[in-house]
Amino acid sequence: MESVVAELEGTLLKDPSIFSYFMLIAFEASGLLRFVLLLLLWPLIRLFELCGRGDEGIKLTIFVATAGVPFAEVERVSNAVLTKFLYDDIEMGAWRIFSSYKRRVVLTKMPRVMVERFVKEHLGADCVVGNELGVSRFGFVTGFVKNGFSSISGRISELFRDQVPSLGLGRSDYGGSLFFELCKGQRSPPFEVQNSVNDDKIVKPLPVIFHDGRLVKRPTPATALFILLWLPLGFLLAAARLIVWLCIPMSAFSVIVPLMGGKLVVKGTPPPPCTAGKPGFLFVCTHRTLLDPVVLSFVLQRRIPAVTYSLSRVSEILAPIPTIRLTRVKEIDAETIHKQLEKGDLVVCPEGTTCREPFLLRFSALFAELTDRIVPVAMNNRAGLFHGTTASGWKALDPIFFFMNPHPTYEVTFLKQLPHEATCSSGKSPHEVANYVQKLLAGTLGFECTNLTRKDKYRILAGNDGTVGQKSFRVSK
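Numbering (my numbering), first residue to last: 83 to 559.
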């Protein structure tokens with residue numbers, strides 16, 4: 083069987099440095115203090131590397147980033163947060179060579195738990211050879227590793243036994259002959275990527291659709307320092323923006339946004355306010371952050387109620403527009419939405435949860451059963467430093483983190499009201515209408531449609547079904 087052994091950092095990943103991934107572990111699994119401490123130690127860690135003692139620097143990094151942290155939390159952050167940053171750093175030339183072999187093994191100096199899901203699900207590896215974190219009997223990480231870096235060649239030999247790997251991919255300075263001498267052939271970076279007119283048909287790694295964490299950019303030492311310097315100013319700016327957001331009249335919104343460092347882009351023509359005696363319009367929006375219905379109301383310059391699936395009570399209290407909590411019981415929710423439409427306009431996000439990547443989740447078909455006055459609205463946003471959404475954190479902080487970005491941007495695109503022949507009144511099923519609206523919005527934004535749901539997202543990222551309430555459902559392993 084043709085087999086390949088590849089180094090992860092510096093080969094399958096462009097960046098040979100793994101420091102930023104431990105910064106992510108420190109920030110997301112422990113907090114700001116450990117994040118600061120690890121950054122302060124970076125000059126010492128770098129000095130170890132320059133003196134030829136890089137392995138000692140990695141051990142120090144692992145200890146500071148993980149010591150005392152519950153192993154389950156390190157695993158959660160690795161799977162939910164690190165995966166996206168690792169994916170964005172893939173060296174496509176190396177991956178295409180790697181993926182062409184039947185048996186694929188990855189070597190890494192990071193703890194195995196930090197990269198295993200990414201390597202197996204997105205790179206298509208069969209096995210990961212890395213260090214194991216020491217864990218106490220109480221489930222906390224000790225900060226030490228069980229396997230030394232010098233045992234890599236031994237573990238590769240044990241893994242292949244009587245066979246010889248067909249190819250070794252890695253840097254020539256990666257421990258010298260630690261694994262190269264075990265392979266029939268060797269290749270080192272750089273790897274050429276052949277451009278083709280049919281790039282869309284080229285097989286690519288499985289994309290990352292769901293990811294968590296607050297940081298938008300990978301915290302390299304320079305980026306991490308900028309984030310820390312920005313935090314005090316960003317918090318004050320967010321507070322000012324929220325106060326203005328809650329106090330200004332809606333007619334002044336488009337004028338105030340640029341003055342506060344934000345940007346609002348509106349495309350298309352919204353429908354006029356509903357007249358007396360007619361049911362309201364149902365604005366069907368893509369869901370990027372909790373602010374989607376609020377931004378829509380400010381653009382339309384009228385407070386339009388929004389239905390929510392499991393919004394926290396704090397967010398409901400602070401919301402500058404009316405919110406209507408759904409029960410997830412179809413008959414009750416249908417009656418609630420129908421009564422509201424008789425009073426006026428309504429906003430609904432049929433995905434049921436936010437998605438950061440250019441994908442749309444499956445649309446609930448309930449909205450299509452209740453009215454023919456459907457106006458699709460494509461919502462999108464851009465954030466430079468912090469994500470305004472979370473799956474496992476405190477959702478009440480979502481607006482604060484979004485407003486802490488230097489230049490938060492929102493894009494609102496109004497599509498035309500659905501024609502009669504595209505609604506249920508023409509004989510189409512609710513699912514057909516919902517899928518049609520999903521495709522319309524995806525095409526407008528340049529996104530892809532998926533069949534994934536809210537439950538899929540929260541099971542992957544948080545281990546629950548995403549419901550805010552007294553009960554919590556854990557996914558059995």
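Ideal Cβ placement from N, Cα and C applies to all residues, glycine included. The model shown is predicted, which means the values in this text are computed figures rather than measured ones.
**Asked** Using the beta-carbon count (16 or more within 10 Å), is T148 buried or exposed?
**Response** buried
**Request:** Return the CA-CA distance between V381 and V494, expressed in angstroms with no decimal places.
**Result:** 8 Å
**Cβ-based burial, G509 [other Cβ within 10 Å; buried from 16]** = exposed
**Prompt:** What does a CB cutoff of less than 6 Å around E84 pick up in its chain, not counting 5 residues either side in sequence?
**Reply:** Y183, K184, S248
**Asked** In chain order, what residues of the same chain have a beta carbon less than 7 Å from the beta carbon of E203, not counting five sequence neighbours either side?
**Response** L288
**Asked** Is the beta carbon of F449 sitting closer than 8 Å to the one on V376?
**Response** no
**Request:** Count the C-beta pairs between the segment 290 to 304 and the segment 106 to 125 that are closer than 8 Å, then say yes if the count reaches three, no if not.
**Result:** yes
**Request:** Determine, using beta carbons only, whether T526 and L442 come nearer to each other than 8 Å.
**Result:** no
**Prompt:** Among C265, V290, V187, which has the Cα closest to the Cα of L164?
**Reply:** V290
**Message:** For a minimum of 3 consecutive residues, which ranges assigned as the beta strand (DSSP E) are wholly contained in the segment 454 to 529?
**Reply:** 456 to 464, 491 to 496
**Prompt:** By Cβ distance, which residues of its chain are closer than 8 Å to E451, with the 5 residues on each side in sequence left out?
**Reply:** A416, C506, P512
**Asked** What whole-angstrom Cβ distance do H489 and G466 have, given they're in contact under 8 Å?
**Response** 6 Å
**Message:** Check whether the segment 128 to 135 and the segment 519 to 533 are in contact - that is, three or more C-beta pairs closer than 8 Å.
**Reply:** no
**Asked** To the nearest angstrom, how far is it from the Cα of L241 to the Cα of V86?
**Response** 12 Å
**Request:** Scan the segment 330 to 400 and note each continuous beta strand (DSSP E) run of 3 residues or more that stays entirely inside, going in chain order.
**Result:** 345 to 349, 364 to 367, 388 to 390
**Request:** Taking only the alpha-carbon atoms, compute the straight-line gap between R186 and N213 and give it to the nearest angstrom.
**Result:** 18 Å
**Request:** Might you give, ordered along the chain, the residues of its own chain that have their beta carbon closer than 7 Å to the beta carbon of V195, omitting 5 neighbours on each side?
**Result:** V156, E157, S160, L215
**Item:** Anticipated Cβ contact below 8 Å, Y391 with G434, distance rounded
**Value:** 5 Å
**Those runs of the beta strand (DSSP E) which lie wholly inside the segment 207 to 232 and span at least 3 residues** = 209 to 213, 215 to 217, 223 to 227
**Message:** For W177 and L94, I'd like the C-alpha separation in whole angstroms.
**Reply:** 6 Å
**Item:** Status (buried if at least 16 other CB within 10 Å, exposed otherwise) for G92
**Value:** buried
**Prompt:** What number of angstroms, rounded off, separates the C-alpha of A322 from the C-alpha of D480?
**Reply:** 15 Å
**Request:** Using only alpha-carbon positions, find the residue among F292, P303, G344 that is nearest to G316.
**Result:** G344
**Request:** Let me know the secondary structure DSSP gives K191 once reduced to three states.
**Result:** strand
**Classification of T357 by the beta-carbon crowding that lies within 10 angstroms, buried from 16 upward** = exposed
**Item:** Which residues DSSP lists as bridging R186, in chain order
**Value:** V86
**Request:** With V430 as the anchor, note down where its beta strand (DSSP E) starts and where it stops.
**Result:** 428 to 430
**Message:** Let's test the definition: count the other Cβ atoms within 10 Å of the Cβ of E530 and tell me whether it reaches 16, buried, or not, exposed.
**Reply:** exposed
**Asked** Identify the residues that DSSP records as bridge partners of F65: which are they?
**Response** Any answer about residue 65 is impossible in this case: the structure gives the chain only from 83 up to 559.
**Message:** I need the DSSP call for Q422, collapsed to helix, strand or coil.
**Reply:** helix
**Asked** Skipping 5 residues on each side, what residues in its chain have a beta carbon closer than 6 Å to that of S181?
**Response** G206
**Item:** For V457 and L428, believed in contact at Cβ under 8 Å, the rounded distance
**Value:** Wrong, their Cβ atoms sit about 11 Å apart, outside the cutoff.
**Rounded straight-line distance, which links the Cα of I309 to that of L423** = 44 Å
**Asked** So what does DSSP say about P314, is it helix, strand or coil?
**Response** helix
**Request:** Indicate whether the contact test is met: 3 or more Cβ pairs, each with one atom in the segment 471 to 479 and one in the segment 537 to 544, closer than 8 Å.
**Result:** yes
**Asked** Among F104, G362, T436, which one has its Cα closest to the Cα of K477?
**Response** T436
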